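Undergrad: Each residue of the sequence shown is one higher than the one before, starting from 26 at the first, in our numbering. Idealized CB from N, CA, C, for every residue including glycine. No experiment lies behind these values; they were computed from the predicted model shown.
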Amino acid sequence: MATKGYTIDVMHKNLYKYHQQGEVEKGVWPVYESTGPGASQPVKVVVSGPVDPAAEINVEWTFFDDGEVLATPLNPYLAPSQPEPDWSEVRKFERKLQELADQGYIHTTITDYIERLDKLGITPKPLLPIADSTWQPPSTDGISRWMGKMGILAYSLHENDNLIRTMNYEASTCLAAVDLLAQIAEGEGHDVTAARQLLETGYLHLMKAQVSDATGINPWRGEWIYGLENNEGALTACNEAKTTLLAVLNKSPVVVDLDERKLADSMRPQFQLRQTDPDDVPDYLEITSPGRTVTASWADDGKLYLLELAIGASDDPSGQDRAKRTVSIKIPLAGGLLKYSPALVEDAIVEIPLTDFDLLEKQIFLPLSNGLIGLGPDLWLIKSCRDVHIAARVESDTGDFIEFTDETVPPEGGVTWRFYIFDGQAETALYLARALNTHPHVLLSNIE
Numbered sequence: 026m027a028t029k030g031y032t033i034d035v036m037h038k039n040l041y042k043y044h045q046q047g048e049v050e051k052g053v054w055p056v057y058e059s060t061g062p063g064a065s066q067p068v069k070v071v072v073s074g075p076v077d078p079a080a081e082i083n084v085e086w087t088f089f090d091d092g093e094v095l096a097t098p099l100n101p102y103l104a105p106s107q108p109e110p111d112w113s114e115v116r117k118f119e120r121k122l123q124e125l126a127d128q129g130y131i132h133t134t135i136t137d138y139i140e141r142l143d144k145l146g147i148t149p150k151p152l153l154p155i156a157d158s159t160w161q162p163p164s165t166d167g168i169s170r171w172m173g174k175m176g177i178l179a180y181s182l183h184e185n186d187n188l189i190r191t192m193n194y195e196a197s198t199c200l201a202a203v204d205l206l207a208q209i210a211e212g213e214g215h216d217v218t219a220a221r222q223l224l225e226t227g228y229l230h231l232m233k234a235q236v237s238d239a240t241g242i243n244p245w246r247g248e249w250i251y252g253l254e255n256n257e258g259a260l261t262a263c264n265e266a267k268t269t270l271l272a273v274l275n276k277s278p279v280v281v282d283l284d285e286r287k288l289a290d291s292m293r294p295q296f297q298l299r300q301t302d303p304d305d306v307p308d309y310l311e312i313t314s315p316g317r318t319v320t321a322s323w324a325d326d327g328k329l330y331l332l333e334l335a336i337g338a339s340d341d342p343s344g345q346d347r348a349k350r351t352v353s354i355k356i357p358l359a360g361g362l363l364k365y366s367p368a369l370v371e372d373a374i375v376e377i378p379l380t381d382f383d384l385l386e387k388q389i390f391l392p393l394s395n396g397l398i399g400l401g402p403d404l405w406l407i408k409s410c411r412d413v414h415i416a417a418r419v420e421s422d423t424g425d426f427i428e429f430t431d432e433t434v435p436p437e438g439g440v441t442w443r444f445y446i447f448d449g450q451a452e453t454a455l456y457l458a459r460a461l462n463t464h465p466h467v468l469l470s471n472i473e
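Shown next, in the form of structure tokens:
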């Protein structure tokens, strides 16, 4: 936020409580300060909710939620129902505001609130650690409701979170690579107008496909299909733009390096992996898959292991048994440290002792946008985000561990998850995460 010019962040109390329950239960401090990963300067953070009496001020939050909830009867989120506003609720809210004003409260902006605190001599306290999350994590188990957790309603059985989110990742990578190829071709004097139009179409589809409603909270079938069809539209437009540019350049195949932003002579990284000796297969993983077979295969080069999980069909072809739609893999977490790359800061690794959290539910869920998370000292896991892009659950109650769970695996199976486990330093692990996920070499060819 600071690098984009923002100076104040507003956080819902439930988000802070999810990570630091004791701090919220005693009353939040009027203003905190935080310098997050990747930021060069701190921002002020205002957390909603009752204020710590030690601050000796009274603060009342009149409303902090989606605007529709204030004045819309029943549930405004369930399509195709579109209820009209209840104007009596609006008038009731207006009366509440007037009553507070009559009691001496000042209705003001967050910016003015911060300025008044400064004049009162109330200084910010350091914001305690939080992780990637949603604004209401207790009700959605953090980000997992959109990355592997099935909705609670009966019509949620059609969900397939991993398909939608891995297609998002695949389409985003394709468009980034072909867009770079268009820049290179244009720099060489070629007309790329047609390709640019296709890329614009592809990016529009991708923006629509990334809508959160396609995988959560309780996506109805139309929302899921919307995400799927726009993913397909993004990939189709990207491939057409690729074909157009390769014809313009009269080259095929080409390798695009999204890290160095140039054409490359070969793909990277290149691994010399061989089937792992049965005696050397890591035995600390726990795979759970009720009603279906999951076959694990391992390959390694001594430092890097590739784990492939081939998920078979369920013995409940109807897909009605939710337990048999679920596949999970659990991995111990050693060292008591949470080490990962936060969203939007994929070029850095943060380290937070688990004891620095006061977790409301003894767990947190992380999206792992670059796939990387630490398993212990100099031991790392990288999920291949174009194959498996579900949330990582980190628990610190019954013994520290990391778990990936997808409750929306299709009954027909045919899904393969890929994870890399790397034994080495953080800098190399981060390089691998970038090379495998966020900034890979991409092979573009007319041969499908």
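Which word fits T191, buried or exposed, when buried means at least 16 other C-beta atoms lie within 10 angstroms of its C-beta?
TA: By the beta-carbon neighbour count (other beta carbons within 10 angstroms, threshold 16), T191 is buried.
Undergrad: What residue does the alpha helix (DSSP H) around F118 start on, and which one ends it?
TA: 112-127
Undergrad: Check each candidate in L298, T60, S113, K121 and name the one with the smallest Cα separation from E85.
TA: Cα-wise, what sits closest to E85 is K121.
Undergrad: Do I398 and A417 come within 7 Å of each other at the CB atom, strictly closer than that value?
TA: yes
Undergrad: Can you give the beta carbon distance from T380 to G360, rounded, assuming they're within the 8 Å contact cut?
TA: Rounded, the Cβ-Cβ distance is 12 Å, inconsistent with contact.
Undergrad: Any idea if A266 is buried or exposed, counting beta-carbon neighbours within 10 angstroms, 16 or more meaning buried?
TA: Result: buried.
Undergrad: At the level of alpha carbons, what is the spacing between E93 and T134?
TA: Cα to Cα, E93 sits roughly 21 Å from T134.
Undergrad: Is W475 helix, strand or coil when you go by DSSP?
TA: One cannot answer for residue 475 here, as it falls past the ends of the chain, which runs 26 to 473.
Undergrad: For the segment 247-256 against the segment 284-298, do three or more pairs of beta-carbon atoms, one drawn from each stretch, fall closer than 8 Å, so that the two count as touching?
TA: no
Undergrad: For the candidate residues W171, L271, P75, V375, whose alpha-carbon lies nearest to that of I209?
TA: Of W171, L271, P75, V375, the residue nearest in Cα terms is L271.
Undergrad: Considering only C-alpha positions, which residue in the set R116, T433, N395, F296 is nearest to G241?
TA: T433
Undergrad: Going by beta-carbon coordinates alone, are L253 and G227 separated by less than 7 Å?
TA: no
Undergrad: Identify whether V94 lies in helix, strand or coil by the three-state DSSP scheme.
TA: helix
Undergrad: Please state whether DSSP places I242 in a helix, a strand or coil.
TA: I242 sits in coil when the DSSP states are folded into three classes, being neither helix nor strand.
Undergrad: Would you list the one or two residues that DSSP bridges to K150?
TA: Y57
Undergrad: Of the choices D431, L457, Q388, whose alpha-carbon is the least far from that of D425?
TA: Q388
Undergrad: Secondary structure at T268, three-state DSSP: helix, strand or coil?
TA: Looking at T268 - three-state DSSP - the assignment turns out to be helix.
Undergrad: If you count every other CB in all the chains shown that lies within 10 Å of the CB of V76, and 16 or more means buried, which is it?
TA: buried
Undergrad: Taking the beta carbon of M292 as the centre, do at least 16 other beta carbons fall within 10 Å, making it buried, or is it exposed?
TA: exposed
Undergrad: Return yes when the C-beta of E213 is under 6 Å from any heavy atom of the ligand ZN, and no when it is not.
TA: Ligands in the displayed structure: none, and consequently the ligand ZN is not present.
Undergrad: Who are the Cβ neighbours of Y31 in its own chain at under 7 Å, not counting the five residues just before and after it?
TA: V68
Undergrad: Output needed for P294: all residues of its chain with C-beta closer than 6 Å, excluding positions within five of it in sequence on either side, in chain order.
TA: A460
Undergrad: Beta-carbon separation of E211 and V217 under 7 Å?
TA: yes
Undergrad: For the beta strand (DSSP E) containing H466, list its first residue and its last residue.
TA: 466-469
Undergrad: Please classify W54: is it buried, with 16 or more other beta-carbons within 10 angstroms of its beta-carbon, or exposed?
TA: Taking a 10 Å sphere around the C-beta of W54, we find 16 or more other C-beta atoms and assign the residue as buried.
Undergrad: In terms of residue numbering, what span does the beta strand (DSSP E) encompassing A417 cover?
TA: Here the beta strand (DSSP E) through A417 covers 417-420.
Undergrad: Based on Cα-Cα distance, which residue from K276, L358, M172, E213 lies nearest to Y309?
TA: The residue among K276, L358, M172, E213 with its C-alpha nearest the C-alpha of Y309 is L358.
Undergrad: Enumerate in chain order the residues of its own chain whose CB-to-CB distance from L205 is below 7 Å, with the five nearest sequence positions on each side excluded.
TA: V281, L283, R286
Undergrad: For the beta strand (DSSP E) that contains M36, what are its first and last residues?
TA: 33-36
Undergrad: Using beta-carbon positions only, say whether E428 and K355 come within less than 7 Å of one another.
TA: yes
Undergrad: Report the start-end ranges of each alpha helix (DSSP H) in the segment 210-236 that is 4 residues or longer and not cut off at the edges.
TA: 218-234
Undergrad: For I135, report the span of its alpha helix (DSSP H) as first-last.
TA: 135-144
Undergrad: What residues in its chain sit with their C-beta under 6 Å from that of D383, if we drop five residues either side in the sequence?
TA: Q45, Q46, G47
Undergrad: Quick one: what does DSSP say W171 is sitting in, helix, strand or coil?
TA: helix
Undergrad: Around the C-beta of V56, are 16 or more other C-beta atoms found within 10 angstroms, so that it is buried, or is it exposed?
TA: buried
Undergrad: Looking only at its chain, what residues have a beta carbon closer than 6 Å to the beta carbon of H466, apart from the 5 residues adjacent to it on each side?
TA: V280, D282, A289, M292, R293
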